[in-house]
Structure formats: structure tokens, C-alpha cells
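Structure, as C-alpha cells:
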Amino acid sequence: MDKLIELRHISKSFDGETILDDINLDIHDNEFITLLGPSGCGKTTTLRMIGGFEQPDKGDVIFMGKRINDEPPHKRHVNTVFQKYALFPHLNVFENVAFPLREKKVPKDEIKKRVEEMLSLVMLSNFAKRRVTSLSGGQQQRVAIARALISSPKILLLDEPLGALDLKLRKDMQVELKKIQKSTGITFVFVTHDQEEALSMSDTIVVMSEGKIQQIGTPTDIYNEPVNAFVADFIGESNIIDGIMLEDYRVKFAGHTFECLDKGFDKNEPVDVVVRPEDVDIVPAQDAALYGDVVSVTFLGVHYEIIVDVSGFKWMIQTTDFVAEGAHIGLKLDPDAIHIMKKSKYSGMFGDYSSFSDEMDELSDAGGDEEE
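Numbers in my numbering are just positions in the sequence shown, counted from 1, shifted up by 281.
Following this line, the structure appears as C-alpha cells:
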């Protein structure tokens, strides 16, 4: 695929705070790429750099080989769909979608043809004469997408556009957006903090934290081979344990040595070991190197989420088999369930399921501290 956008050594600060720290990113033709990360990680600022709404303090934004740092938004082959759709309340659906073409003085017949094509694409053909204020949130979003696409931009930027929708509608729109991207061939750059959204929609995921790109890869690569503890924790659930890589294919953690599929580490190198909850098999305690006591069981419809205390470390297991709270069980790990990551600044920050959020950890650490 041809490169459309190249971000080269982009840095940006606001009020002395670094928001983007020397990032490099290639965006290709006909790609659905998602910028994923928590609030404040720099993903929306990256999007605004591409759109021309922000300029970098350092570095270059390159479009099809040409540096465009100083080009204003309206001169870039880019359109944006925001979370707030910014539709014109006094215009009906047809006129909202037609607006960019009327501004360019496109002939009436061509406007009619292209608007009808766009409304068909977003499944709103029967809504042309409706006032946008009478539409649901999902329908308004479709109008905003049609209006953004009608000018045939090279790139469509989408800044958390599904955030205001309810769960079922959000899932429907995930499917629709992917279909629209494939049918138009336009590159979509999508910003979200929702890892499920990123996994289900993207060709490429860019995981960001603290103004830096942590990992770029396909959804499968990002999920199965996270590069550090932040990515492993942010993309799905993960048990992350301190380990020692004894040699190729052999790692020691939780007091035992296990076979794994990883190689290329130094002998006796300290590492992070990640085990996804769905990759742990429950067996009788006497049949496993790891064993512990079940401290909680939560039914989630498709599976049970079980927290097991193994020598003080709380493991999460996701299974369709019911196990009672208080049960003493074994945890069986096959070699392909064990993934080895190099130590990073995020080591030790994630992976124990004593609680599910940093905030709860902070509250419990605070204990009984009171103001004097």
C-alpha cells in the first residue's frame, strides 16, 4: 500500500506539558488505522496534526511526499467527523450532506446524484427530507459521515465518533463504519480509548501512552504479542508476572520453570510474563505447578471471571466452567499461553487482580489516613 501520511519526529507541548514526544507514524492508502490509548495520551492531538488544526512544535507532517505543516485544514485532502456532529439544524438531511458541494458551486444535477449515492451508502435514502433534529444519534452520525465523505477526501478523521451512542448502536456502527471504509477505499484514521472498538474495526492499531507510540501492529499482533506491560494491560485483560528467562524457550516465574515459545533473550534476563485469562486451564490442584484458592467468581453471560490467589498474587481466569468461591484449584499453562516481554518503565504497574483499577489501589493504599 502507498503511504499517504508520514509523521516524522512530531513533538507538541501545551503550557509546558509534553503531549506528543517525538512520534513517527506512516498511514497508508485504503487503511483503517486506529489511534488507541487512555485520555491524555496524545491520540486526539495526533489526529488534529493530520487535519491541520494543530501545528507541531518540531517535526514534519508529510502528505504524499509533500510537507504540509503550514497548509490550513481546508487545503488538505482530509475531512473530520467529530463526536459532536456539528450538523446544521435548520437544514434537512439532503441539504446537510449537499452543503460542501454547494459551497464549491458543483452543478445541481451532480449534487443530486452524489448526495443520493452517499445517503444510500449510509442507509439513509428514505431520510433525505427529514430535519436532522428529528433523527436519532446514530442517524445524525450517518449524516455527518455522508457529509464528510461527499467531497471524496483521501483521508477521513474520526475523533471518538461513537462515544455518545448506546452500546448496541455503537456495535452496529462499528460494523457499518468498517463496511463504508472498505466500499469507498478512503483511509480512515479513528481515535478511541475503547480497546474492543479498536480490535473489531482496525487494519492497524497504534497504541499510545504519555505522548509516545508504544506499539503498532494488526489487532492480532497487538493482542497476542504485546511489547510491554502497558500494552498487555490496556488491550484486554492480562496476568503479568515477574519472571527470569533462563534460556531460549524456558522461563521461571511464580517459583516454577515453564516451557514457552519465546527466544532471543539473554540468559537469566529479568522479564515480564503475560498470560491471558482465557489461556489458563483449571485442573485439580495436585496436577499443576501453580495452585491457589478461588477468592471471587463473577458470571458474565458467556463465561465466568474467576480470581485465584496463588501465593499472594491474584490471577484472573476466564472460563465456561463453574468453580465455587473458596475452591482449591490448579492452573495449567501450555507453552503457547505464556508470552515473554522485555522489562519496561511499566513493569510492576499492572497484572495483579487484587483490584481492577488504579483508583481502587490508591484508595486501599491510603488506608486510614485522615486529615489532622
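Think of the CB as a built atom: it goes at the ideal place given N, C-alpha and C, for glycine as much as any other residue.
Since the structure is predicted, the reported quantities are computational estimates derived from the model, not experimental observations.
Check whether N520 and W596 have beta carbons under 7 Å apart
Counting from 1 along the sequence shown, the entry for residue 520 is found at position 239. Counting from 1 along the sequence shown, the entry for residue 596 is found at position 315. Yes, the Cβ-Cβ distance between N520 and W596 is below 7 Å.
From Q599, F603 and A566, pick the residue whose C-alpha is nearest to that of V591; which is it?
The residue labelled residue 591 in the question sits at position 310 within the sequence shown. Looking only at Q599, F603 and A566, the smallest Cα-Cα distance to V591 is reached by A566.
Is H474 closer than 7 Å to P319 when the C-beta atoms are compared?
Here the question's residue 319 lines up with position 38 in the sequence shown. Here the question's residue 474 lines up with position 193 in the sequence shown. Taking 7 Å as the cut-off, the Cβ atoms of P319 and H474 count as close.
Flag this pair as touching only if the region 523-542 and the region 611-623 have three or more C-beta atom pairs under 8 Å; answer yes or no.
Judged by Cβ distances under 8 Å, the region 523-542 makes contact with the region 611-623, as three or more pairs qualify.
Which of helix, strand or coil does DSSP assign to Q476?
Counting from one through the sequence shown, the residue named residue 476 turns up at place 195. Here DSSP, grouped into helix, strand and coil, assigns Q476 to helix.
According to DSSP, simplified to helix, strand and coil, what is R348?
Counting from one through the sequence shown, the residue named residue 348 turns up at place 67. DSSP places R348 in strand when its eight states are reduced to three.
I need the straight-line Cα distance from D296 to D341, nearest angstrom please.
Sequence index remark: in the sequence shown, residue 296 carries index 15 (1-based). Sequence index remark: in the sequence shown, residue 341 carries index 60 (1-based). Counting only the Cα atoms, D341 lies some 21 Å from D296.
Backbone CA spacing between K460 and T414 [nearest angstrom]:
Walking along the sequence shown from the start, residue 460 turns up at place 179. Walking along the sequence shown from the start, residue 414 turns up at place 133. Straight-line Cα distance between these residues: approximately 26 Å.
In three-state DSSP terms, what is S490?
One-based indexing of the sequence shown puts residue 490 at position 209. Reduced to three states, the DSSP call for S490 is strand.
Simplified DSSP state of K626, which is helix, strand or coil
Here the question's residue 626 lines up with position 345 in the sequence shown. Note: K626 maps to coil in three-state DSSP.
Here's a check: name, in chain order, each residue in its chain whose Cβ is nearer than 6 Å to the Cβ of G573, leaving out the five neighbours to either side.
Residue 573 sits at position 292 when you count from the first residue of the sequence shown. Closer than 6 Å at the Cβ level, and outside the excluded window around G573, lie V589, D590 and V591.
Of the residues R383, I426 and K389, the one placed nearest V403, counting alpha carbons only
Indexing the sequence shown from 1 puts residue 403 at position 122. When only C-alpha atoms are compared, the closest one is I426.
Helix, strand or coil for G332, going by three-state DSSP, please let me know.
If you number the sequence shown from 1, residue 332 lands on position 51. In the three-state reduction of the DSSP assignment, G332 falls in the helix class, which pools H, G and I.
For the alpha helix (DSSP H) containing M454, name the first residue and the last one.
As a working note, residue 454 is residue 173 in the sequence shown. M454 -> alpha helix (DSSP H) spans L448 to T465.
For F471, collect the residues of the same chain with a Cβ closer than 6 Å to its Cβ; drop the 5 residues on either side in sequence, then sort them by chain order.
Residue 471 sits at position 190 when you count from the first residue of the sequence shown. Exclusion of the five residues before and after F471 leaves T315 and L439 as the residues of its chain whose Cβ lies within less than 6 Å of its Cβ.
Unbroken beta strand (DSSP E) run spanning I531, endpoints
What you label residue 531 is simply residue 250 of the sequence shown in a count that begins at 1. This sequence places Arg at residue 531; Ile is not what is there. From DSSP, the beta strand (DSSP E) with R531 extends over R531 to F534.
Report the option in H290, P551 and I300 whose CA atom is closest to the CA atom of G492.
Numbered from its first residue, the sequence shown carries residue 492 at position 211. Here the closest residue by C-alpha is I300.
Using DSSP with H/G/I as helix, E/B as strand and the rest coil, what is P388?
Counting from 1 along the sequence shown, the entry for residue 388 is found at position 107. DSSP places P388 in coil when its eight states are reduced to three.
Backbone CA spacing between S417 and L571 [nearest angstrom]
For the purposes of this step, residue 417 is identified with residue 136 of the sequence shown, where counting begins at 1. For the purposes of this step, residue 571 is identified with residue 290 of the sequence shown, where counting begins at 1. C-alpha separation (whole angstroms): 52 Å.
Which residues bound the alpha helix (DSSP H) around Y634?
For the purposes of this step, residue 634 is taken as residue 353 along the sequence shown, with counting starting at 1. Under the DSSP assignment, Y634 falls outside any alpha helix (DSSP H); it carries neither an H nor an E label.
How about I522 and P500: do their beta carbons lie closer than 7 Å?
For the purposes of this step, residue 522 is taken as residue 241 along the sequence shown, with counting starting at 1. For the purposes of this step, residue 500 is taken as residue 219 along the sequence shown, with counting starting at 1. I522 is not a Cβ neighbour of P500, given a cutoff of 7 Å.
Less than 7 Å between the C-beta atoms of D338 and S401, yes or no?
In the sequence shown, residue 338 corresponds to position 57, counting from 1. In the sequence shown, residue 401 corresponds to position 120, counting from 1. No, the pair does not count as a contact, with Cβ atoms beyond the cut-off.
Could you tell me whether the Cβ atoms of A510 and Y627 are closer together than 7 Å?
If you number the sequence shown from 1, residue 510 lands on position 229. If you number the sequence shown from 1, residue 627 lands on position 346. Going by beta carbons, A510 and Y627 fall inside the 7 Å limit.
Give me whichever residues DSSP pairs with T501 in a beta bridge.
Here residue 501 refers to the residue found at position 220 when the sequence shown is read from its first residue. BP columns for T501 are empty, so no partner.
Residues near D547 in its chain [Cβ-Cβ closer than 8 Å; skip 5 each side]:
Along the sequence shown, one-based indexing puts residue 547 at 266. Within the same chain, D547 has close Cβ partners M526.
Reference L306, options A367, S294, I331 and Y366, closest by Cα
The residue labelled residue 306 in the question sits at position 25 within the sequence shown. The shortest Cα separation from L306 among A367, S294, I331 and Y366 belongs to I331.
Opening and closing residue of the beta strand (DSSP E) in which L317 lies:
Mapped onto the sequence shown, residue 317 falls at position 36. Unbroken beta strand (DSSP E) run through L317: F313 to L317.
For I436, name the three-state secondary structure that DSSP assigns.
Position 155 of the sequence shown, counted from the first residue, corresponds to residue 436. Assignment of I436 by DSSP, reduced to helix, strand and coil, places it in the strand class.
In angstroms, rounded to a whole number, what distance separates the CA positions of L405 and V378?
Translated into positions along the sequence shown, residue 405 becomes position 124. Translated into positions along the sequence shown, residue 378 becomes position 97. So the two alpha carbons sit approximately 11 Å from each other.
Environment of F369 [buried if 16+ CB atoms lie within 10 Å]
Working through the sequence shown from its first residue, we reach residue 369 at position 88. Burial call: exposed.
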